[in-house]
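Just so you know, we're using this note's numbering here: the sequence shown kicks off at 24 and counts up by one. Below is one structure; the comments refer to it alone.
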Amino acid sequence: MLTFFHCPSTRSSSIHYLLEELGVPYESEHIDIRAEGGAPESYRAIQPHKKVPAVRHNGVVVTERAAITLYLADAFPEAGLAPALDDPRRGPYLTSVVYIDSVVDPCLVAHMNQWPYDGKGAAYGKFEDMVTNLERTLSAHDYAVGDRFTAADTQWGVMMYWALDVMGLFKDKPVFRAYLNRLAERPAFQRFAKAMAA
24 MLTFFHCPST
34 RSSSIHYLLE
44 ELGVPYESEH
54 IDIRAEGGAP
64 ESYRAIQPHK
74 KVPAVRHNGV
84 VVTERAAITL
94 YLADAFPEAG
104 LAPALDDPRR
114 GPYLTSVVYI
124 DSVVDPCLVA
134 HMNQWPYDGK
144 GAAYGKFEDM
154 VTNLERTLSA
164 HDYAVGDRFT
174 AADTQWGVMM
184 YWALDVMGLF
194 KDKPVFRAYL
204 NRLAERPAFQ
214 RFAKAMAA
């Protein structure tokens, strides 16, 4: 049994896309984090900060996007979304998944809110360095980890969608649009996008 705790048009969207790529059955439980007072207090038993996403799989609760991504990709190996432990791509894959939460997301938030900060003093570094790293990676190969689509791309792809099509960023980075266009050709991404638009 797999339950997905979700609120549309939030950071849980990337896990929604991951679930579509995994192709496994799941139940979705809507958590209204936008309600007055936020999500119900009872939801703290699942997520201590009343945030989404979260999943419960066979009684085990997992929170935080990177952890959920790594957990689910390993829990359902038949989908082929995670390099094996002895695969040399495993390290870059782990790095790519965590990079979205630990570097890209905080850089985007700080940039959009025009928060002044010292790139040396912030754990996530400078916005410009993050953009350069993404552009260098996606110029070198088609996906986050070489020429093979992995669960990392579910996180990179939804981030890229928000940055390009919602925030209006990176208009001068055609390699980012090309990457998003590649993902948009995938049936799972199309199902995800249709659900997002509903």
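Glycine included, C-beta positions come from ideal geometry on N, C-alpha and C.
- Here the segment 167-183 makes contact with the segment 201-220; the two share three or more CB pairs at distances below 8 Å.
- The segment 25-66 is shown to contain whole beta strand (DSSP E) runs of 3 or more residues at 25-29, 50-53, in chain order.
- Contact between the segment 94-105 and the segment 124-131 is absent: fewer than 3 CB-CB pairs across the two stretches fall below 8 Å.
- Considering only Tyr184, Pro71, Phe27, the residue with the shortest C-alpha distance to Gln213 is Tyr184.
- Residue nearest to Phe27 within the set Val75, Gly60, Gly46, Ala62 is Val75 (criterion: CA-CA distance).
- Ala218 sits in a helix when the DSSP states are folded into three classes.
- With contacts defined by Cβ atoms closer than 8 Å, Val83 and Leu25 do not form a contacting pair.
- By the neighbour-count definition (other C-beta atoms within 10 Å, threshold 16), Ser36 is a buried residue.
- In the structure shown, Tyr166 adopts extended strand secondary structure according to DSSP, grouped into three states.
- The segment 109-116 and the segment 169-178 touch, with three or more beta-carbon pairs separated by less than 8 Å.
- DSSP, reduced to helix, strand and coil, places Arg112 outside both helices and strands of the structure shown, so it counts as coil.
- Around the C-beta of Pro106, 16 or more other C-beta atoms lie within 10 Å, and the residue is accordingly described as buried.
- Leaving aside the five residues that flank Glu158 on each side, the residues in its chain whose CB is nearer than 8 Å to its CB run, in chain order, Lys196, Val198, Phe199.
- Here Val85 is bridged, per DSSP, to Val78.
- Phe215 and Glu43 have their C-alpha atoms some 7 Å from each other.
- In the structure shown, Trp138 adopts coil according to DSSP, grouped into three states.
- As the crow flies, the alpha-carbon of Gly142 is around 22 Å from that of Met190.
- In the DSSP assignment, Arg209 falls outside any alpha helix (DSSP H), carrying neither H nor E.
- For Gly103, the closest alpha carbon among the candidates Ala89, Ala221, Leu41, Glu208 is that of Leu41.
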